[in-house]
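In our numbering, the protein residues as written are 4 to 251.
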C-alpha cells in the first residue's frame, strides 16, 4: 500500500502572532514552525500501517525551502520519503490542485491529511483534493482500518459518529482519535540521523489561478477583564447584568 500524507508547516501554538505593516500578510520573523497537529495524527496512523502492514509512506508539503525542517521531522518520525511542491500555498484551491497533480502522477492508494490546519482553519483542502481525484472522502476521521483494498472508518459528526466501509483509493482527513495523543511519535536520534539520507524531492508547482485575495489581517479584540461576584450576592449580579451588561 502506498500512502501519501499531506502535512502543513504551521506556527507553534505558543508563538506570538504579528502581521506585516500593511496588514496583508503574516509576519514569520521569529516564529517557530511545526507539523500541523491534525496532520501529525494522520502521519502517525500512516506509520502504523507502515510498521504493521509494510506500507510505503510519502509526505508532501506545498511551500518554499523554509518548510524543509518540518519535512525532515516527518522523515525522522518514520516516513520513507518526502516531496516538496516548490510553491507558496496561497489558498486552499491552488494548494489542492498542486497536490492533486502529484497524486495523479505517483498513484497513491491512500491519501491522509489533517481535518484542518491550525493557522487558517479552512478545512477545505482534503475535500477539494478528493473531488479533483474522484476519490472516496472521509472527513473528521477518528478510526481507520484497512485490509487490502477494503477500508473501514469512523467519522465524527454532529451529535455522534458515522461508521463507513469503502474501497481504496480514498482521501482521509484525520484528527485526534485516528491515533491516541499518547501514541504520537517523537523523533529519536536514530530517526533524525536516518532522515538526513532519505529522499526529499522538490517539484515545481503548476500555475493555478488563485481564488482568494487577502484584503487585511486583524488580531481579535483583547478579552475584557473578569469580574468575580460572590455566589450569594444575587442582587449585585442582577444589577450588573441589567445596568452594565444590558442583557436582562
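Backbone N, C-alpha and C fix where the C-beta goes; we use that ideal spot for every residue, glycine too.
Ranking 72, 48, 27 by CA distance to the CA of residue 113 puts 48 first. Taking 8 angstroms as the cut-off, the Cβ atoms of residue 67 and residue 35 do not count as close. The C-alpha of residue 213 lies about 47 angstroms from the C-alpha of residue 251. Note on geometry: alpha-carbon atoms of residue 166 and residue 141 lie some 10 angstroms from one another. Residue state for residue 190 is assigned as coil, using DSSP reduced to three classes. Residue 86 counts as buried, since at least 16 other C-beta atoms from the protein chains shown sit within 10 angstroms of its C-beta. Closest in alpha carbon position to residue 187, among 44, 27, 221, is 44. For a cut-off of 8 angstroms, the C-beta gap from residue 120 to residue 13 is around 6 angstroms, short enough to register as a contact. For the stretch 125 to 175, the full-length alpha helix (DSSP H) segments reaching 4 residues or more read 128 to 136 along the chain. Listed in chain order, the alpha helix (DSSP H) elements of length 4 or more contained wholly in the stretch 53 to 111 are 71 to 80, 95 to 109. Contact between the stretch 59 to 73 and the stretch 168 to 184 is absent: fewer than 3 CB-CB pairs across the two stretches fall below 8 angstroms.
Burial is judged here by how many other beta carbons sit within 10 angstroms of a residue's own beta carbon; residue 175 has at least 16 and is buried.
DSSP places residue 120 in the coil class of the three-state scheme, outside both helix and strand. Residue pairing for residue 5: DSSP places it in a beta bridge opposite 59. 8 angstroms or more divides the Cβ of residue 18 from the Cβ of residue 42.
By the neighbour-count criterion, in which 16 or more other beta carbons inside 10 Å mark a residue as buried, residue 200 falls on the exposed side. The beta-bridge partner set that DSSP reports for residue 12 consists of 38. Assignment of residue 44 by DSSP, reduced to helix, strand and coil, places it in the helix class. In this structure, residue 89 lies near residue 206, with their beta-carbon atoms less than 8 angstroms apart.
DSSP links residue 220 through a beta bridge to no other residue. Judged by beta-carbon spacing, residue 99 lies within the 8 angstroms limit of residue 132, meaning their Cβ atoms are closer than that value. Distances from the alpha-carbon of residue 218 to those of 169, 171, 25 put 25 closest.
When rounded, the separation of the alpha-carbon atoms in residue 80 and residue 16 is 20 angstroms. Counting only the Cα atoms, residue 208 lies some 30 angstroms from residue 189. The alpha-carbon of residue 72 is positioned some 9 angstroms away from that of residue 37.
Around the beta carbon of residue 74, a 10 Å sphere encloses 16 or more other beta carbons of the protein chains shown; the residue is thus reported as buried.
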